[in-house]
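In our numbering, the protein residues as written are 1 to 154. Structure first, then comments.
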Amino acid sequence: MRTYDFAPLYRATVGFDKVADLMDRVLTADANTNSYPPYNIEKTDDETYRISIAVAGFSSDDLSVEVKEHSLVVSARKADEDTKSYLHRGIATRAFERRFHLADHVVVTGASHEDGMLNIDLVKEVPEALKPRRIEIASQKAIETDVVDAKAVN
């Protein structure tokens, strides 16, 4: 696998730290990353998303959902170990921690645990100041009319 050195990028740019960090994180991610537990990311509307994680065998008390520094951290730890004797154990209930990096202005609005699935709802809330706005263009004729009226009054 090829590796890239982004040191020159850090020396020649200002304010692009997040982009460079994201590129480093993506390129250094191991191809054999842990795939447990399986999850889906759905776009439910223009500005809303849902992360669904298969958490069979875990109760709501075993699960933890936290937002830390633009990261959503989902973790689980089984409260008590089973003392049962299994002939075959195919449902994994091992502890895990899964991280999702959130874009700017993405907010977690809620989480629910139902039928072995943990659903986390997110919404992208762009502030009014960052939304596009339409600027009215004044015509030259309207400006001249205002000037003429001002002279007639004096």
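Virtual Cβ for every residue (Gly too), placed ideally from N, Cα, C.
Can you tell which of the options has the C-alpha that lies nearest to the C-alpha of residue i?
{"i": "A95", "options": "A103, L102, H113, S75", "result": "S75"}
{"i": "R77", "options": "S85, H70, K68, S60", "result": "S60"}
{"i": "D115", "options": "T48, E47, A54", "result": "A54"}
In this structure, does DSSP put residue i in helix, strand or coil?
{"i": "V108", "result": "strand"}
{"i": "V65", "result": "strand"}
{"i": "Y139", "result": "The question names Tyr, yet the displayed sequence has Ser at residue 139. If DSSP states are grouped into helix, strand and coil, S139 belongs with coil."}
{"i": "S60", "result": "helix"}
{"i": "D115", "result": "coil"}
{"i": "R94", "result": "coil"}
{"i": "A76", "result": "strand"}
{"i": "Y86", "result": "coil"}
{"i": "E47", "result": "coil"}
Please state if the CB of residue j and the CB of residue i are separated by a distance shorter than 8 Å.
{"i": "K124", "j": "V108", "result": "no"}
{"i": "Y49", "j": "E42", "result": "yes"}
{"i": "R99", "j": "V67", "result": "no"}
{"i": "L102", "j": "S71", "result": "yes"}
Which same chain residues, not among the five before or five after residue i, have their C-beta less than 6 Å away from its C-beta?
{"i": "S52", "result": "N40, M117, N119"}
{"i": "S64", "result": "S75"}
{"i": "P38", "result": "A54"}
{"i": "A111", "result": "V65, I120"}
If we count the other Cβ atoms within 10 Å of its Cβ and call it buried at 16 or more, is residue i buried or exposed?
{"i": "L130", "result": "exposed"}
Going along the chain, which residues of its own chain have a beta-carbon closer than 7 Å to the beta-carbon of residue i, five neighbours each way excluded?
{"i": "I91", "result": "A56, G57"}
{"i": "D62", "result": "A76, R77, K78, A79"}
In chain order, what residues of the same chain lie with their CB nearer than 8 Å to the CB of residue i, ignoring the 5 residues before and after it?
{"i": "R133", "result": "none"}
{"i": "P127", "result": "H105"}
With respect to 7 Å, is the separation between the Cβ of residue i and the closest non-hydrogen atom of the ligand ADP below this value?
{"i": "H105", "result": "For the ligand ADP, the structure offers nothing, since it holds no ligand at all."}
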